[in-house]
Amino acid sequence: MQLSSVLLSILAATGASAAPTSEGSGKSCAVPARKFNIMSLRSASPIHFGQAGATQNKLVLNLPEDKADAQCTNGETRRDATFYIKDGELFLYGGKDKVQQFFVDRSGMGQGVMQYFTKGEGGIPRNGETKGWAVDENDNLSFNGAGLLACPSANNTAPWYVWVSAGINQPAGQQGCLGFSARTLTAATPVQCTYSNYSA
Numbered sequence: 136m137q138l139s140s141v142l143l144s145i146l147a148a149t150g151a152s153a154a155p156t157s158e159g160s161g162k163s164c165a166v167p168a169r170k171f172n173i174m175s176l177r178s179a180s181p182i183h184f185g186q187a188g189a190t191q192n193k194l195v196l197n198l199p200e201d202k203a204d205a206q207c208t209n210g211e212t213r214r215d216a217t218f219y220i221k222d223g224e225l226f227l228y229g230g231k232d233k234v235q236q237f238f239v240d241r242s243g244m245g246q247g248v249m250q251y252f253t254k255g256e257g258g259i260p261r262n263g264e265t266k267g268w269a270v271d272e273n274d275n276l277s278f279n280g281a282g283l284l285a286c287p288s289a290n291n292t293a294p295w296y297v298w299v300s301a302g303i304n305q306p307a308g309q310q311g312c313l314g315f316s317a318r319t320l321t322a323a324t325p326v327q328c329t330y331s332n333y334s335a
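Right, here's the structure in full:
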């Protein structure tokens, strides 16, 4: 009797694992990508518990209110940004008509620069990479195993500009850069936004 209940449990578990496939269609149901925000963790620093936002093609920490320029579907002005990963690529959560995606340039010229671009409106540099984003078991974001680095604006003020660590402590000669853990936090009610592009 005990053996049959064990077998029934195994069969039920097998049936549950097959549940996402539509009956008779042979197609798997697509699981929506997790939408998340990013909080920077670096104890005893100006960026500890910082919010990651996006503006002018850059990922930033502690974006000041007067520089928040995303256009969101709910009409709010937001200092933080919402992200998702699909097939190892990192995107900003926005509308279908404007897909905004990040690239990283870890070459000697790029030194770990990280920027977003709007698909169909611009490309990436020759050494730009898009694949390699992942969230580890501690919910920290990394790019091909490399962590993130934040460099302050002039006079060590906000916002702080985010780079991917490429073995250089002062990318582009910037002073006061700090490595940090990019903790991802699931967005309970994600809002679609279009983020600003740099204009010279």
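In short: position in the sequence shown from 1, add 135, done, that's the numbering used here.
Every residue gets a Cβ at the ideal spot worked out from N, C-alpha and C, and that includes glycine.
Computed from a prediction, not measured in an experiment: that's the story for all the values here.
Let me make sure I understand the geometry here. Which of ALA216, ASP201, SER331 has the alpha-carbon closest to that of PRO325?
The sequence position of residue 325 within the sequence shown is 190, counting from 1. Here the closest residue by C-alpha is ALA216.
What are the partner residues of PRO287, as DSSP defines its beta bridges?
Taking the first residue of the sequence shown as position 1, residue 287 is located at position 152. Answer is TRP295, bridged to PRO287.
Applying the criterion that 16 or more other CB atoms from any shown protein chain within 10 Å of the CB defines a buried residue, is GLY255 buried or exposed?
On the sequence shown, position 120 is the one that residue 255 refers to. GLY255 comes out exposed.
Between the CA atoms of GLN246 and GLU200 - distance to the nearest angstrom
Numbered from its first residue, the sequence shown carries residue 200 at position 65. Numbered from its first residue, the sequence shown carries residue 246 at position 111. GLU200 and GLN246 have their C-alpha atoms spaced approximately 29 angstroms apart.
Verify whether the separation of the beta carbon atoms of LEU194 and GLY185 is less than 8 angstroms.
Counting from one through the sequence shown, the residue named residue 194 turns up at place 59. Counting from one through the sequence shown, the residue named residue 185 turns up at place 50. No. Outside cutoff.
For VAL299 and ARG241, believed in contact at Cβ under 8 angstroms, the rounded distance
Numbered from its first residue, the sequence shown carries residue 241 at position 106. Numbered from its first residue, the sequence shown carries residue 299 at position 164. Going by Cβ atoms, the distance from ARG241 to VAL299 rounds to 7 angstroms, so yes, they are a contact pair.
Going by beta carbon distance, what residues of the same chain come within less than 8 angstroms of PRO294, once the five residues before and after it are set aside?
Here residue 294 is taken as the residue at index 159 of the sequence shown, counted from 1. Hits under 8 angstroms: GLY188, THR190, VAL195, LEU196, ASN197, LEU198, PRO199, LYS202, SER288.
Are the CB atoms of TYR330 and ALA205 nearer to each other than 8 angstroms?
By 1-based counting over the sequence shown, the position of residue 330 is 195. By 1-based counting over the sequence shown, the position of residue 205 is 70. Yes, they are a contact pair.
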